[in-house]
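Undergrad: Protein chains in written order, with our numbering: chain A, 1 to 411; chain B, 1001 to 1411.
1. Look up residue 85 of chain A in the DSSP assignment and say whether it is helix, strand or coil.
2. What would DSSP say about residue 1387 of chain B, mapped onto helix, strand or coil?
3. Please identify, using Cβ separations under 8 Å, the residues of the region 143-176 of chain A that lie next to chain B, in order along the chain.
4. In the DSSP output, what is residue 1402 of chain B paired with across the bridge?
5. Have a look at the DSSP bridge pairing and note the partners of residue 352 of chain A.
6. Go through the region 1136-1198 of chain B residue by residue and report every complete run of the alpha helix (DSSP H) that reaches 4 residues or more, in order.
7. On the criterion of 16 or more Cβ atoms from any shown chain inside 10 Å, does residue 1334 of chain B qualify as buried, or is it exposed?
8. Per the DSSP calculation, residue 226 of chain A is bridged to which residue(s)?
9. For chain B, is any of its Cβ atoms less than 7 Å away from the one on residue 14 of chain A?
10. Given a threshold of 16 other Cβ atoms within 10 Å of its Cβ, counted over all protein chains shown, does residue 1044 of chain B qualify as buried or as exposed?
11. If you reduce the DSSP assignment to three classes, tell me which class residue 243 of chain A lands in.
12. Assuming residue 210 of chain A and residue 241 of chain A form a contact by the criterion Cβ under 8 Å, report the distance between their Cβ atoms to the nearest whole angstrom.
13. Can you tell me which residues form a DSSP beta bridge with residue 1294 of chain B?
14. Taking Cβ-Cβ distances shorter than 9 Å, what residues in chain A pair up with residue 1302 of chain B?
15. Interface residues of chain B around residue 75 of chain A at Cβ under 7 Å?
16. Note down, in chain order, every chain A residue with its Cβ under 8 Å from the Cβ of residue 1405 of chain B.
17. Measure the C-alpha to C-alpha separation of residue 1101 of chain B and residue 1087 of chain B and round it to an integer number of angstroms.
18. Is the Cβ of residue 330 of chain A closer than 7 Å to any Cβ of chain B?
19. One question on the structure: do residue 1276 of chain B and residue 1218 of chain B come within less than 7 Å of each other, judged by their Cβ atoms?
20. Using a cut-off of 9 Å between C-beta atoms, extract the partners of residue 295 of chain A located in chain B.
21. To which residues does DSSP link residue 1038 of chain B through a beta bridge?
22. Under a Cβ-count criterion, where at least 16 other Cβ atoms within 10 Å of its own Cβ denotes burial, should residue 1249 of chain B be classed as buried or exposed?
23. Whose Cβ in chain B lies nearer than 9 Å to the Cβ of residue 43 of chain A?
24. Going by the CB atoms, is the gap between residue 129 of chain A and residue 361 of chain A shorter than 7 Å?
25. What does the Cβ neighbour count give for residue 115 of chain A, buried or exposed, with the cut at 16 atoms within 10 Å?
26. Would you identify the three-state DSSP class for residue 1114 of chain B, choosing helix, strand or coil?
27. If you reduce the DSSP assignment to three classes, tell me which class residue 1392 of chain B lands in.
28. Compile a chain-ordered list of the residues in the region 368-395 of chain A whose CB is closer than 7 Å to at least one CB of chain B.
29. Do residue 1075 of chain B and residue 177 of chain A come within 7 Å of each other at the CB atom, strictly closer than that value?
30. Could you tell me whether the Cβ of residue 79 of chain A comes closer than 7 Å to any Cβ of chain B?
31. Just to confirm, are residue 13 of chain A and residue 42 of chain A a CB contact at a threshold of 7 Å?
32. Could you check whether residue 244 of chain A and residue 1298 of chain B sit closer than 7 Å to each other, using their CB atoms as the reference points?
33. For residue 395 of chain A and residue 1011 of chain B, I'd like the C-alpha separation in whole angstroms.
34. Answer with buried or exposed for residue 153 of chain A, where buried requires no fewer than 16 other C-beta atoms within 10 angstroms of its C-beta.
35. Verify whether the separation of the beta carbon atoms of residue 1305 of chain B and residue 1073 of chain B is less than 7 Å.
36. Flag this pair as touching only if the region 1313-1328 of chain B and the region 1119-1126 of chain B have three or more C-beta atom pairs under 8 Å; answer yes or no.
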């Protein structure tokens, strides 16, 4: 008789690799032949609180099914943005969850997500310790922002970086066709961490030197320097491409778009930016009176499954598998991390780290990986980023569009 | 001794297929073994007026080089937006051009472009007739807008349509992860013709029914109907996806975004829209007070070479080849057109048409291909669109990004 039962959940914003981690967990559970039930929470911990889950144990048993799951973007299981309350202030929520765990004889709990999801893992494992529960709570990282502490990088980031670099290259081709001065501002996701904006530098090739300028949120954005930088580039070329993080701030720490009429806040109180590119477009036009436009890469940078990085998807799968091994070894309150052994040849290994040391923290681009003028990245950052976007995933298409699966029919 | 010399130019906005037509012309010129020089204008007719051209005759002689050219988006030869004056008002411009033609013993002139480019071909061939020049002026169609008369569809459209359908699918996956009401507005290019916005319907699959609503510029956009349509969809699902053309107009024929602060005009006096998605976002939020966002697909829909339609690229190449055959037969003042023989199996043939019947005209979506409620397309339009996005192009990557070529180094 099989003795293990687990829950798997996905939480936070979408990435292209999050279903690859799910695939890694499911296949490892199957391989061990020890899992009686593999429950998927629908819409994360919030869905679980509403008794919304189903059993995956008879699904994804062929390589074809696994491949389809791996190539599908966003969350197969759905997501939530839900901050688990402290157990002191709301013990009922914890009792509800643990009564479900008891009823189903849950031994392992796998939660795939970013900062806020690791907070959930930390809180649940803390409560379990107090209650002397021996359920293993394991966090599996994912975020296109690459801002989790402890790990060399996060699954999902490499694919987003590949999308950003490719789009940057294509925008450069688009903007270079006319013989006239032009400035194109490309706004890239990244609230406080500039990793993804930095990845635009990977667009440079023998045939295109875009982006010409890169502005990250880790250093202040100074309008006069921006003008000076553009004047400098105009001395040698006509079509300027600027990569800018949505989250750049001025010398007083104010977001450049904080006065934008589109400014909104998410449930955690974080400002949702969508006006930085437009703000720089206006600034540049007022000064240079040439053709200026802005492009917002928007949600596609985290959801374009057709342009995944093979390195990223393979690692996400491996991390999912490692999470099951970790739980079976008896560990809890851990997040799986990636340690880089070398850049060239690129080599990594999986390890674990105390989830409490990761939750609610943020890892930004080191200042000494940004150039002195604060308008580009340097070689250290380039060498770090380069391996993460390598390799293409040969996804399957159906009727001319990618063949992605979902659980729409189960809802 | 070889007796023919030609000019090739590219003009107007970028597409993913325009270099495939260039490849078709070059390879056919090579194959015939009759061309002494194959001149490429740099930046179209405007560049030619500045004596800016180079000889392509020794280039693109291997399949590898042709493949790289075919997979590279935008214009290898650069482009211009230049309206050729009438010869009566500005004979000097024509004398300048024809003196270059005389000097180089030009026999054939190939111009790849949209409406405005066909106007250039029409004017030059008209002048040639008056001057009793026997140069053959041939127009090769391209535009993502698919709005040229006479041809079943235009090269470049199929790839843009594939990008739009794929992006729509990925945006639908992105927006479906949370269990809350949301409206996502996706703004798609198309000034007066809704073909590309209509192509978003190709995103529908067994796993996703987005887009839920499609608004085309061929029918008036009525705000109250928009609200009614959304209310109707909310009855059965939570996450609504709306595809809207940038050029929708109200009952009085006013562009919905005409009062947008971003409204600009191009050199032909056409309004450059960029606020329609935002305008609908604001409308929807004011009425429904739920999560609303807008995504502008922007320039990537015309430049994302990595997601080309194989049908589109193959046809663009074939049309380029046919243009050379047409010139060699002694024709002039013609545009190459595509005639559809059947939808299923999909079959076409190349023909020619008098360029004067095409220039400065516009072909919109027939009203009877739009549903009665004016919020979706019907089966006739679906059947028309479906074959054009079929097939993927196995492009090559280098260092993790697509391997595109350019003439940056020649400039």
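Glycine is no exception: its CB is placed at the ideal position from the N, C-alpha and C atoms.
TA: The structure says:
1. The three-state secondary structure of residue 85 of chain A, taken from DSSP, is coil.
2. helix
3. 162, 165, 166, 167, 169, 170, 171, 173, 174, 175, 176
4. B:1397
5. A:336
6. 1157-1175, 1195-1198
7. buried
8. According to DSSP, residue 226 of chain A bridges with nothing at all.
9. yes
10. buried
11. strand
12. 4 Å
13. B:1185
14. 174
15. 1177
16. 207
17. 16 Å
18. Judged by the 7 Å Cβ criterion, residue 330 of chain A is not in contact with chain B.
19. Against a cut-off of 7 Å, the Cβ pair of residue 1218 of chain B and residue 1276 of chain B comes out as no contact.
20. 1296, 1298, 1299, 1300
21. B:1006
22. buried
23. 1177, 1178, 1179
24. no
25. buried
26. It is coil, neither helix nor strand.
27. Strand, per DSSP.
28. 389, 390, 392
29. yes
30. Residue 79 of chain A counts as touching chain B.
31. no
32. no
33. Residue 395 of chain A and residue 1011 of chain B have their C-alpha atoms some 34 Å from each other.
34. buried
35. yes
36. no
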